[in-house]
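Have a look at the structure below, then the notes.
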DNA sequence: CACAGTACTGTGCAATCCGAAGTACCGTCA
DNA sequence: TGACGGTACTTCGGATTGCACAGTACTGTG
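Residue numbers (full-length UniProt numbering), protein chains in the order written: chain A, 1 to 112; chain B, 1 to 112.
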């Protein structure tokens, strides 16, 4: 479809969303998935989140450590490092500017 | 790169941006390109805009007509039709919701 | 032991944006 | 006349990225 479906909107923003989900607390993939869905991103697929985490990790924005779990397989925790926080700030700013540009284009008619 | 570069942010929003650019006035590709760039989307490529216009047209959201020009080749004008306006409304709403979700995630700390 | 739930990995597909190159038309300047 | 720059559009191939699907592996329960 054309349409602005959430799938397409997510492109390029998922990185930012995942960084933001890790801002206050370390987390492992499955949990981050739940955080994002709870936050309103109902449609994120699990594979997307895991992929993003790996991408951010190889990009050097995350540290990782494994924690065994009592109730299932091990959990691979991810944590923001300095580069990650810098990324989060930068990308957050880019996002805000972009969003504001779009709102202007859309006519900026008041409230959501 | 990772990073939220505007290129990636545009994905899935360009349709909406183009629809918005046509809301008040018909336009042809080259002109819409200028409108978008003037609005702040400096980095849109021409091919993207032309491609989007064609996609929106085949999707049934735009009408089109050709106007010869005194100062160059013909211009293929595009105009929103009823379906296009409906799309614009719907997608605009989706965008606003999505943007608001993202802002929540980001911590919604005040100013742009 | 089968099964459901948790947690992660790998593969291949589809969508879409972009750069580059190409076509074509116009007016100007030499 | 011919070269050139600006306008306007098309086509092609490359690159990212999100997702569905399938598969691995560990846990506790019936």
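We put the beta carbon where it would ideally sit given N, CA and C, even for glycine.
A distance below 8 Å separates the beta carbons of residue 52 of chain A and residue 14 of chain A. Close to residue 12 of chain A, with beta-carbon spacing below 8 Å, are these residues of chain B in chain order: 4, 5, 7, 8, 9, 10 and 11. Around the beta carbon of residue 71 of chain A, a 10 Å sphere encloses fewer than 16 other beta carbons of the protein chains shown; the residue is thus reported as exposed. For residue 98 of chain B, the C-beta contacts it makes with chain A under 7 Å involve 6 and 9, in order along the chain.
With a cutoff of 8 Å on beta-carbon distance, residue 50 of chain A and residue 64 of chain A are scored as not near each other. Per DSSP, reduced to three states, the secondary structure at residue 93 of chain A is helical.
At a cut-off of 8 Å between beta-carbon atoms, residue 41 of chain A makes contact with chain B. In the DSSP secondary-structure assignment, residue 78 of chain A is bridged to A/27 and A/64. Excluding its 5 nearest sequence neighbours in each direction, residue 23 of chain A has C-beta neighbours in its own chain below 7 Å: 80 and 88, listed in chain order. The criterion of a C-beta distance shorter than 8 Å is not satisfied by residue 61 of chain B and residue 47 of chain B. If you draw a straight line from the Cα of residue 36 of chain A to the Cα of residue 27 of chain B, it comes to about 39 Å.
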